[in-house]
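Notes follow the structure.
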Amino acid sequence: MRLSDPCRQTCTLMYTNVYAAGSYHGPAHRLRLGEESEVAAMAPPGTGRSSHPRSDEPELDGGSLVVHYQPIVELASRDVRLVEALARLEVGGVLLAPEHWVPSAERSGAIDEMGCTVLRVAVEELLDDGRVTRSDNLGSSGRCTESRGGPRPLGLSVNVAPRQLHGRSLLECVEQLGESGIVMERLCLEITESAIVEDACAMQTVHALRRLGCRIAMDDFGTGYSSLHALTELPIDVLKIDRRLVSRLPGAKARAVLAFVLELGRALGMDVVAEGVETPGQLDALLELGCRLGQGYLLGPPAPLAHTAGRVCG
Numbered sequence: 640m641r642l643s644d645p646c647r648q649t650c651t652l653m654y655t656n657v658y659a660a661g662s663y664h665g666p667a668h669r670l671r672l673g674e675e676s677e678v679a680a681m682a683p684p685g686t687g688r689s690s691h692p693r694s695d696e697p698e699l700d701g702g703s704l705v706v707h708y709q710p711i712v713e714l715a716s717r718d719v720r721l722v723e724a725l726a727r728l729e730v731g732g733v734l735l736a737p738e739h740w741v742p743s744a745e746r747s748g749a750i751d752e753m754g755c756t757v758l759r760v761a762v763e764e765l766l767d768d769g770r771v772t773r774s775d776n777l778g779s780s781g782r783c784t785e786s787r788g789g790p791r792p793l794g795l796s797v798n799v800a801p802r803q804l805h806g807r808s809l810l811e812c813v814e815q816l817g818e819s820g821i822v823m824e825r826l827c828l829e830i831t832e833s834a835i836v837e838d839a840c841a842m843q844t845v846h847a848l849r850r851l852g853c854r855i856a857m858d859d860f861g862t863g864y865s866s867l868h869a870l871t872e873l874p875i876d877v878l879k880i881d882r883r884l885v886s887r888l889p890g891a892k893a894r895a896v897l898a899f900v901l902e903l904g905r906a907l908g909m910d911v912v913a914e915g916v917e918t919p920g921q922l923d924a925l926l927e928l929g930c931r932l933g934q935g936y937l938l939g940p941p942a943p944l945a946h947t948a949g950r951v952c953g
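Residue 719 in this note's numbering sits at position 80 of the sequence shown, with consecutive numbering throughout.
Shown next, in the form of structure tokens:
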């Protein structure tokens, strides 16, 4: 699709930082945001871009949103229960992680369009894969039972940027997805505490999203100053333990904090996901603590859906 003005502005900002990012050459689902002539024309003064680029500069062949999926797995069995859709902005063969472009997208207003596009594409891919249309194996708790033939259903988790909680774009997008055949209880929207703390409008949007039937996850739990208060004010279904806490495992203090969070989740009827599981020692500690779900490079890196979903029940 062609770039809207906000997305054009965002890609312009991203171009100035493109050489500071790493490269990635793997397969991906790409959404075209513009043609070469259009994006190249957006290069701001001082970037060094000319009609004859230097041989050491990447070719800027048009911006693309790239959607990969990272598995959230049952730690004991390693079966994939959900996948988290992760967006990257590819410019000139360089794949930019969200921290390189989301702040600019929020400032320009492009995040509404880009966020909803990623959400729609992720739902469409899982619908095409047959993973989110059946409700017999996955309830509101996100727990999966044995399937009677066919692929095991997956839950889908998608990050929501703070700005998306203002206005009606996200609500309208989710309402439309509810008419597409997706079982809404398998759609989980991840928010951070900083996105909603002392923000009445954002909190109202979260409640409205929950009324539509999707689940709400508090991302990076344990790093804010009022996380516990937020749990009393919001309809939270999932706690995602911040990777900075998980990284301190198997240390004694980290184990004590994680044990508290896991017990809190059980008491409140919430699923708890440990993020950033990267070492066998961390995995062993989480299993000993009774943590059921985890996510991280040790369990599976972000990848195209076929690579991630293919690990279900494997």
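All C-beta atoms, glycine included, are put in the ideal place defined by N, C-alpha and C. No experiment lies behind these values; they were computed from the predicted model shown.
Report task. Could you tell me the boundaries of the alpha helix (DSSP H) in which Ala-744 lies? Result -> 737 to 747
Query raised in the report: Helix, strand or coil: how does DSSP classify Ala-800 here?
Result: coil
Requested in this report: Could you tell me which residues DSSP puts in a beta bridge with Val-885?
Outcome: Val-885 pairs with nothing; no bridge assigned.
Query raised in the report: For Pro-941, which three-state DSSP category applies?
Result: coil
Query raised in the report: Hey, Leu-878 and Leu-897: beta-carbon distance below 9 Å or not?
Result: no
Query - The beta strand (DSSP E) enclosing Ala-856, as first and last residue numbers - result: 854 to 860
Query - Limits of the alpha helix (DSSP H) - the one that Pro-919 falls within - result: 919 to 928
Query raised in the report: For Leu-828, which beta-bridge partners are listed by DSSP?
Result: Val-797 and Ile-855
Query raised in the report: Between which two residues does the beta strand (DSSP E) harbouring Ser-703 extend?
Result: 703 to 713
Query raised in the report: If you check the beta carbons only, do Ile-835 and Ala-869 fall under 9 Å apart?
Result: yes
Query raised in the report: Taking the alpha helix (DSSP H) that Val-760 falls in, what are its first and last residues?
Result: 750 to 767
Query raised in the report: So which of Glu-814, Val-760 and Cys-755 has the shortest CA-CA distance to Arg-802?
Result: Cys-755
Requested in this report: Report yes or no: do three or more beta-carbon pairs, one from the segment 704 to 716 and one from the segment 936 to 944, lie closer than 8 Å?
Outcome: yes
Query raised in the report: DSSP on Glu-902, reduced to helix/strand/coil?
Result: helix
Query raised in the report: Does DSSP put Glu-818 in a helix, in a strand, or in coil?
Result: coil
Query raised in the report: Is the CB-CB distance between Leu-810 and Leu-851 below 9 Å?
Result: yes
**Report entry** Bridge-paired residues (DSSP) for Glu-723
**Finding:** Gln-709 and Ser-796
Query raised in the report: How many Å lie between Gln-934 and Leu-925 at the Cα?
Result: 11 Å
Query raised in the report: Based on Cα-Cα distance, which residue from Ala-726, Ala-744 and Ala-736 lies nearest to Val-757?
Result: Ala-726
Query - One or two residues paired with Asp-910 in a DSSP bridge - result: Val-877
**Report entry** Asp-838 and Leu-804 closer than 9 Å at C-beta
**Finding:** yes
Report task. Answer yes if the segment 891 to 910 comes into contact with the segment 840 to 851, meaning at least three C-beta pairs across the two stretches below 8 Å, and no otherwise. Result -> no
Query raised in the report: Does the beta-carbon distance from Cys-827 to Leu-867 come in below 9 Å?
Result: no
Report task. Under 8 Å by Cβ, that's how I've got Ile-875 and Val-912 pegged, so tell me the actual separation to the nearest angstrom. Result -> Their Cβ separation, rounded to whole angstroms, is 12 Å, which puts Ile-875 and Val-912 out of contact at 8 Å.
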